[in-house]
Amino acid sequence: MNDTLTVEGLDFEIRRSSRRKTLGLTVGRASELIVHAPEVTATGELERWVRRKLLWVHRKLALKRESAPRETPPEFVSGQVIHFLGRSYRLKVKTAQNEPLVYAGDEFHLSRSHEADAESLFQAWFTHEGTDWLARRVAYWAPRVGATPKRIVVGNLGFRWGSCSKGGRLNFNWRVLQLPVGLADYVLVHEMIHLRERHHGPAFWEMFGRAMPDYKQRQERLRLRAGDFLVFDMVKPAA
Ligand SMILES: [Zn+2]
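Here it is as structure tokens:
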């Protein structure tokens, strides 16, 4: 697993190589940020270097957003990038495969005869693999927020990332599991604060700032990047 580095709310994947002599930075197809670095470069040096590149990164990301189609339905074709908890996986559509969907290390294999069910197959896989992770993340944030939900339910919430039901139940869209960890955390903490404060008034945002000081940057990134995931009907942050 590669290291990651978070600088001013942006997550960078660090790929080290013994053959590399210089630092490099690329913005991937899905706006993922990758730093190519020699094996020996210290993390502090990497971070200082990345900070000097932030303006360039923001320009690149803005260009990507302008050229990105927003309203096209998800396509389950070979080569499609599938995001799961901050990692990118390639999709391959397989003709000779009995199981509908197979997770194969750094790829997902979808059987051609199940193409039409792809979205529900991914929803089932993500929900099965990711629900425990969400519960652990919620447990991590609980003392920081000062609230613990009675129950967590992961399902299809359409265009909403999450919601908070009366009685202390939190509902999360399975698509949250496609987000980078820092943005999934934004959604979790947002809904957890609703356990204490139902409305988006000053008290809500004050609690948010105490629990997660950089929540505004995360909120903005979530808004900008929503279109990168398999949810083209969902462009607003958690309500
Ligand atoms: Zn809300």
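Under this note's numbering, the first residue of the sequence shown carries the number 1, and numbering increases by one thereafter.
For each residue, glycine too, the CB sits at the ideal point set by N, CA and C.
Here the structure is a predicted model, which means the values were calculated and not measured.
- At a threshold of 8 Å, H190 counts as near ligand 1, since its beta carbon sits closer than that to one of the ligand's heavy atoms.
- Here DSSP, grouped into helix, strand and coil, assigns L61 to helix.
- In this structure the stretch 83–102 does not lie against the stretch 138–151, because fewer than three pairs of beta carbons, one per stretch, are closer than 8 Å.
- No residue range can be given for R196, since it is assigned to no beta strand (DSSP E) and is classified by DSSP as neither H nor E.
- With a cut-off of 8 Å on Cβ pairs, the stretch 75–90 is not in contact with the stretch 47–66, counting fewer than three such pairs.
- With respect to the 9 Å criterion, Q97 and W174 are not classified as neighbours on the basis of their beta carbons.
- In the DSSP assignment, V77 falls outside any alpha helix (DSSP H), carrying neither H nor E.
- In this structure, the alpha-carbon of V153 lies about 12 Å from that of W133.
- If you keep only unbroken beta strand (DSSP E) runs of at least 3 residues inside the stretch 90–162, you get 101–104, 107–111 and 151–155.
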